[in-house]
Amino acid sequence: MDKRYLLYKFCRDGNRHLITWLTASGMEEANLAVKVLRKNHPQVPDLVLGKGEFFEVLEESQLKPGEWEEAMRILAGRKGGLEAAAPSPEDIT
13 MDKRYLLYKF CRDGNRHLIT WLTASGMEEA NLAVKVLRKN HPQVPDLVLG KGEFFEVLEE
73 SQLKPGEWEE AMRILAGRKG GLEAAAPSPE DIT
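Taken in order, the sequence shown gives residues 13 to 105; the numbers are from this note's numbering.
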């Protein structure tokens with residue numbers, strides 16, 4: 013059965029940016045999905061890693077209560093898919 017995952021990018025400044033969500037049969041497939049996203053969308057800044065940056069893939073069961081719902085609310089507020097910047101939580105109604 014597929015599981016749901018959140019993809020985050022950790023930047024050099026210490027900030028963690030929510031990039032997207034995905035489904036996969038397990039962590040190995042989720043990590044492969046990130047590689048495919050990077051290969052197919054090289055123009056998306058959030059999918060390019062700079063020095064000291066890394067991705068984190070979290071399975072839904074690893075999240076704090078309410079974290080999945082909050083992430084979905086943030087992602088729903090984006091316009092333009094992967095290339096869109098996430099709006100600040102204050103801008104989402």
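Backbone N, C-alpha and C define an ideal beta-carbon position, used for all residues, glycine too.
Integer Cβ distance of residue i from residue j, believed to fall under 8 Å
i   : j   : result
H29 : Y17 : At roughly 15 Å, the Cβ-Cβ gap does not stay under 8 Å, so H29 and Y17 are not in contact.
V60 : A42 : Not a contact, Cβ separation roughly 19 Å.
K15 : E82 : Between E82 and K15 the Cβ distance is about 18 Å, and since that is not below 8 Å, they are no contact.
V46 : L94 : Between L94 and V46 the Cβ distance is about 12 Å, and since that is not below 8 Å, they are no contact.
Limits of the alpha helix (DSSP H) - the one that residue i falls within
i   : result
R50 : M39 to N52
Rounded straight-line distance, which links the Cα of residue j to that of residue i
i    : j   : result
A88  : W33 : 11 Å
P99  : R90 : Summary for P99: the model assigns pLDDT 47, below 50, so the residue's position carries little reliability, and this model does not support an answer.
F66  : S37 : 22 Å
E40  : L75 : 18 Å
L49  : E79 : 23 Å
V64  : G92 : The question names Val, but residue 64 in the sequence shown is Gly. Going from the Cα of G64 to the Cα of G92 covers about 27 Å.
P101 : M13 : Residue confidence is low: P101 scores 47 on pLDDT, short of 50, so the model does not pin down where it sits. Its coordinate-derived value is still stated next. Between P101 and M13, the C-alpha separation is close to 32 Å.
N52  : I86 : 23 Å
I31  : D58 : 7 Å
G62  : L44 : 20 Å
Identified DSSP bridge partners for residue i
i   : result
L94 : Beta-bridge pairing links L94 to no other residue.
R16 : T35
Limits of the beta strand (DSSP E) - the one that residue i falls within
i   : result
R28 : R28 to A36
beta-carbon residue i near the ligand FMN non-hydrogen atom, thresh 7 Å
i   : result
L18 : You won't find the ligand FMN in this model; it holds no ligand whatsoever.
- Along the chain, which unbroken stretches of the alpha helix (DSSP H) at least 4 residues long are found entirely within the stretch 60-89? 79-88
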